[in-house]
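Numbering (my numbering), first residue to last: 31 to 199. Every residue, glycine too, gets a C-beta built ideally from N, C-alpha and C. In this text, all values refer to a predicted model and were calculated from it rather than measured experimentally.
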């Protein structure tokens, strides 16, 4: 009889330990999910406000430029960005660009900074499209991830102006 009581007490302790570990795990997962937030739709306008060609060279009929630019956002994102990257323009006017963009402002009213990897192109009619993937975040936006898709028109000499849509969270 005594052995059976000891076994029951041991099993009860194990059960309490398992329940405690499950509760701890659920609490950690809940806090992590709340910090990151569920992905939500993002939309608004984005447009370059200035651009500087820091160095320009020609290769195989293409213009290759290292560019610094600024952009303004409205909508889900409200604020400004600095952009540094490379622009390759072909003879027909089409182009590709690969940039790092640092946004400072708010996302749904929360202030902070986002860093995007920005890659895109335009056709010879200057219709542009780009993808901006969040690669870093800080301030109140720390932990934010997501991707924006931008479409618009290149307006010389500053660059693309258009709209963005995407998912962030």
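Could you please give the first and the last residue of the uninterrupted beta strand (DSSP E) stretch that includes residue i?
i: residue 72; result: 70-89
i: residue 144; result: 140-152
i: residue 162; result: 157-169
For residue i, I'd like the list of residues in its chain whose CB is within less than 7 Å of its CB, leaving aside the five on either flank, ordered along the chain.
i: residue 60; result: Its pLDDT being 36, under 50, residue 60 is placed unreliably by the model, and the measurement read from it follows with that caveat. Cβ neighbours of residue 60 beyond the five flanking positions: none.
i: residue 166; result: 145
i: residue 182; result: 158, 190, 191, 192, 193
i: residue 132; result: 111, 112, 143, 145
Excluding the 5 residues preceding and the 5 following residue i in the sequence, name in chain order all residues of the same chain whose CB lies nearer than 6 Å to its CB.
i: residue 149; result: 128, 161
i: residue 70; result: 199
i: residue 56; result: At residue 56, the pLDDT of 43 sits below 50, so the modelled position is not reliable; the number obtained from the coordinates is stated separately. Within the same chain, residue 56 has no close Cβ partners at all.
i: residue 147; result: 163, 165
Looking only at DSSP bridge pairs, what is residue i linked to?
i: residue 125; result: 119, 152
i: residue 134; result: 110, 143
i: residue 174; result: Looking at the DSSP assignment, residue 174 forms no beta bridge with any residue, so it has no partner.
i: residue 190; result: 184
i: residue 196; result: 72, 178
i: residue 67; result: Answer by DSSP bridge pairing: none, since residue 67 is not bridged.
Measure the beta-carbon distance from residue i to residue j and round it to whole angstroms, keeping in mind my assumption that it falls under 8 Å.
i: residue 79; j: residue 98; result: Residue 79 to residue 98, Cβ: 12 Å. No contact.
Would you call residue i buried or exposed, if buried means 16 or more other Cβ atoms sit within 10 Å of its Cβ?
i: residue 173; result: exposed
i: residue 125; result: buried
Whose C-beta lies closer than 8 Å to the C-beta of residue i among residues of the same chain, with five residues either side of it excluded?
i: residue 85; result: 95, 96
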